[in-house]
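Novice: No gaps in the numbering here: position 71 of the sequence shown is 346 in the numbering used here, and each next residue is one more. All C-beta atoms, glycine included, are put in the ideal place defined by N, C-alpha and C. Predicted model only: the values in this text are computed from it and were never measured.
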Amino acid sequence: MSELAKAMAEVQSRVLSIGKDKTAGGGGGPRYTYATLGNVIERLFPLLAEHGLCVMQPLDNINGEPALRTIIMHQGGEAIDAKFPLEKAGMKGVNDAQQIGAAISYMRRYGLCSAFGLITEDDDAACLSKRPESHRQAAAKPQAASDWEKG
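(1) According to the Cβ coordinates, are Phe359 and Leu343 closer than 7 Å?
(2) So Leu393 and Val330 are in contact, right, with Cβ under 8 Å, and what is the actual spacing, rounded?
(3) For the 8 Å Cβ check, are there 3 or more pairs between the segment 377-384 and the segment 347-354?
(4) Could you have a look at Val315 and say whether DSSP puts it in helix, strand or coil?
(5) Does Phe359 have its Cβ less than 7 Å from a Cβ in chain C?
(6) Once the 5 residues before and after Thr311 are set aside, which same chain residues still bring their CB inside 6 Å of it?
(7) How is Val286 classed by DSSP in three states: helix, strand or coil?
(8) DSSP three-state call for Met331: helix, strand or coil?
(9) Between Ala280 and Pro305, what straight-line distance do the alpha-carbon atoms span, to the nearest angstrom?
(10) Please report the residue range of the alpha helix (DSSP H) in which Leu387 lies.
(11) Using CA atoms only, rank isn't needed, just tell me which of Gly294, Ser292, Glu325, Thr308 is closest to Met283.
(12) Under DSSP, the beta strand (DSSP E) around Lys367 begins and ends at which residues?
(13) Flag this pair as yes or no: are the beta carbons of Glu278 and His349 separated by less than 7 Å?
Listed below in structure tokens is the structure:
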């Protein structure tokens, strides 16, 4: 894992944050901005290629339930992977396939950001949250490190 770890460290040292490039919501609900999957890929993938890394994100399952698998591979043959469960996005007025499609895009973006420690500074997670509005607003505010453990 030494070559993979070295390459990932190089990528992480060069990409600190991904800017928000899309606004959504409204129509009676909250408006939010977020970094799209395309924006994350555009910023990240050239650096991956420069350091001998590539990513695959095939569909998979966890205990028979849909999941997205993120696999990071180094040209030397080393690889790591993780699975993320997929759930319908809870969107009104769209069919189940569209909701799963939205969840796939969402988890592809978050899988990449999580794996490389990227900061997207987005707030679109509030749209998929089932928490009351007051909690979503509180979650959007930065917390001190000591507050993280309190939830």
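Specialist: With the structure as the only source:
(1) yes
(2) The Cβ separation is near 13 Å, so there is no contact.
(3) no
(4) helix
(5) Protein chain content of the structure displayed is limited to a single chain, and chain C is not contained in it.
(6) Asp296, Lys297
(7) helix
(8) strand
(9) 40 Å
(10) 371-391
(11) Glu325
(12) No beta strand (DSSP E) holds Lys367; DSSP gives it neither H nor E.
(13) yes
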